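Student: Chains A and B, in that order, give the protein sequences.
Numbering-wise, the first sequence is residues 2 to 222 according to the working numbering.
Numbering-wise, the second sequence is residues 2 to 222 according to the working numbering.
Got a structure for you, written out below as structure tokens; questions coming shortly.
2 protein chains.
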Amino acid sequence: MTTAASQRLPLSRERVLACAVALADESGIAALTIRTLAQRMGTKPMSLYYYVANKDEILDGIVDMVFSEIELPVPEGNWREEMQLRAHRVRSALRRHPWAVGLLENRSAPGPATLRHHEATLATLRTAGFSVQLTAHAYALLDSYIYGFAVQEAALPFEGRDTAAEITKPIMERFTTGEYPRMVEIAVEHVLKPGYDFGDEFEFGLDLILDGLSRLTADPG
Amino acid sequence: MTTAASQRLPLSRERVLACAVALADESGIAALTIRTLAQRMGTKPMSLYYYVANKDEILDGIVDMVFSEIELPVPEGNWREEMQLRAHRVRSALRRHPWAVGLLENRSAPGPATLRHHEATLATLRTAGFSVQLTAHAYALLDSYIYGFAVQEAALPFEGRDTAAEITKPIMERFTTGEYPRMVEIAVEHVLKPGYDFGDEFEFGLDLILDGLSRLTADPG
DNA sequence: TAGCGGTTTAGTACAGTGTACGGTACTGTC
DNA sequence: GACAGTACCGTACACTGTACTAAACCGCTA
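Now the structure itself:
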């Protein structure tokens, strides 16, 4: 005779982490507690500790899961295209999982997927002829831009095209009395324009950075 | 007759926030609890609630305090110098208070110092002749880079010149067996070199970005 | 079939968190 | 002397991560 409990999928580290990611996506990283996670998986809190040492290991694990979702760049490809693709993939992963960038600064031990990702990215730049030094510079620059963009995007109270206007307009109207004229100007003439999406700003900076890097590799003068 | 308690400085919102900043600096943002904060100030937890509505208001408040430490750019100055100076000032503030960038993505309501900072920065770009659109692009790009760099800097297990070598060397030696050759290469030929400081990477990206922006404003062809 | 040892799941308990609620002292005004 | 407002605090509650303990289940040998 099979009880209801026995029909439930068996626990596993994979399932714990996958469930943790889903929970964080739906309800925010603050809602990711051992108890809610256990409840969601149809088990009791302490059962999870058989698969993970502690909560920190869960946090490390879900960061690595985010990286595992990101397709790797191919070192033999055109470096600029590969880096542009990679940037967009990382950004979209960080938009799907807005909590991830917040964990990046706390967690120190990178997981295997994270290491593979870094390795593939570095290989692409080196294979394209970037010197070791320039590779380090370029990688720090690109990731800073991507992570920082994700931070700003996560901080926005709105998301997606045109939604900025609804949120921002009433706020801005309080400011029209002069203390912050430049912010109002940006809002009225840029952010509140129909079709505006902060995400579109990403391409501008990315192109500028990639242009700059191109100049440092190919340009003879 | 004055008791020991009466000699204590009177509480105030300012003092609560300043103490919260100091506590977070010394022991990390996780150690910033109502109880430890109260103890540090020589009071009881609930006394703080007379000056702040809740802990979120404290977090909002200390983010704004960080911005209040940053000297404002002057709109009449040379935009490139002003932006370079500002970038370094923001970065050093975020290095003094590594928890700040982590709060940025959660808190939505910017405080007065934050608003003044944004206003002065936008004014500098607009005064220099940047169009509204280009100003928005440039600001998103610059802040993304600065914030993202701070995220990476906060994630590093080491800090400052030459300390990277001590930490990284034993880790890298485990990797020399081939799975991550490019990472090892970067480590050995760049990070482990004497005098290395990740912070130095900041200037490279900043210059590249400012160069790119210059080209978009002045360059005739 | 009985018993055993390792694997997996649960129950209970504890210290620490934010903060709601209801006080208590002190100060100034009438 | 009565009253109101300011500043501060004690207690209590629901929630957190997780240590410790016990129970159930499993494939196995005898």
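Beta carbons are placed, not taken as given, at the ideal position from N, Cα and C, and that holds for glycine.
Computed from a predicted structure; not experimentally measured.
Verify the CB distance criterion: does Leu73(B) have a CB-CB separation below 9 Å to chain A?
Tutor: No, its Cβ sits nowhere closer than 9 Å to a Cβ of chain A.
Student: Three-state secondary structure (DSSP) at Arg36(B)?
Tutor: Of the three classes helix, strand and coil, the one that applies to Arg36(B) here is helix, per DSSP.
Student: Within the 9 Å Cβ cut-off, does Ile63(A) reach chain B?
Tutor: Output row for Ile63(A): interface = no.
Student: Roughly how far, in whole angstroms, is the beta-carbon of Phe159(B) from the beta-carbon of Ala165(B), given that I think they are within contact range, below 8 Å?
Tutor: With a Cβ gap of about 5 Å, Phe159(B) and Ala165(B) count as contacting.
Student: Could you name the residues of the same chain whose beta carbon sits closer than 6 Å to that of Glu204(A), not counting the 5 residues immediately before and after it, in chain order?
Tutor: Excluding positions up to five away in sequence, the list is empty.
Student: Which residues in chain A have a C-beta closer than 7 Å to the C-beta of Ser109(B)? List them in chain order.
Tutor: Within chain A, the residues near Ser109(B) are Ala156 and Pro158.
Student: Taking C-beta pairs closer than 7 Å, name the residues in chain B that Ile187(A) reaches, listed in chain order.
Tutor: Chain B residues near Ile187(A): Leu123, Val133, Thr136 and Ala137.
Student: Can you name the residues of chain A whose CB is closer than 9 Å to the CB of His89(B)?
Tutor: Near His89(B) there are no residues of chain A at all, since even the closest Cβ is about 14 Å away, more than 9 Å.
Student: Using 8 Å for Cβ pairs, my map puts Val64(A) next to Gly112(A). What's the rounded Cβ distance?
Tutor: Contact holds; Cβ gap of about 7 Å.
Student: Return helix, strand or coil for Ile168(A), following the three-state DSSP convention.
Tutor: DSSP places Ile168(A) in helix when its eight states are reduced to three.
Student: For the alpha helix (DSSP H) holding Phe205(B), just list the boundary residues, first then last.
Tutor: Run containing Phe205(B): Glu202 to Thr218, per the alpha helix (DSSP H) assignment.
Student: Between the Cα of Thr44(B) and those of Val189(B), Ser13(B), Thr177(B) and Glu120(B), spot the shortest distance and give me the residue it belongs to.
Tutor: Among Val189(B), Ser13(B), Thr177(B) and Glu120(B), the Cα nearest to that of Thr44(B) belongs to Ser13(B).
Student: Quick check on the burial criterion: 16 or more other C-beta atoms within 10 angstroms. Buried or exposed for Tyr51(B)?
Tutor: Tyr51(B) should be labelled exposed.
Student: So with Cβ pairs under 9 Å, would you call Val102(B) a contact of chain A?
Tutor: Yes - at least one Cβ of chain A is within 9 Å of the one on Val102(B).
Student: May I have the straight-line CA-CA distance separating Trp100(B) from Glu106(A), to the nearest angstrom?
Tutor: Computed Cα separation, rounded: 9 Å.
Student: What span of residues does the alpha helix (DSSP H) with Thr128(B) cover, start to end?
Tutor: It spans Pro113 to Thr128 - the alpha helix (DSSP H) in which Thr128(B) sits, taken as one unbroken run.
Student: Can you check whether the C-beta of His119(B) is within less than 9 Å of a C-beta belonging to chain A?
Tutor: It does: the Cβ of His119(B) has a partner Cβ on chain A nearer than 9 Å.
Student: DSSP on His138(B), reduced to helix/strand/coil?
Tutor: Three-state DSSP puts His138(B) in a helix.
Student: How big is the Cα-Cα spacing for Leu211(A) and Ala19(A)?
Tutor: Spanning the two alpha carbons is a distance of roughly 34 Å.
Student: Assuming His119(B) contacts Met184(A) under a Cβ cut-off of 8 Å, what Cβ separation, rounded to an integer in Å, is found between them?
Tutor: That pair is a contact at about 6 Å.
Student: Could you tell me which of Leu217(B), Val17(B) and Leu207(B) sits nearest to Glu83(B), measuring between CA atoms?
Tutor: Among Leu217(B), Val17(B) and Leu207(B), the Cα nearest to that of Glu83(B) is on Leu207(B).
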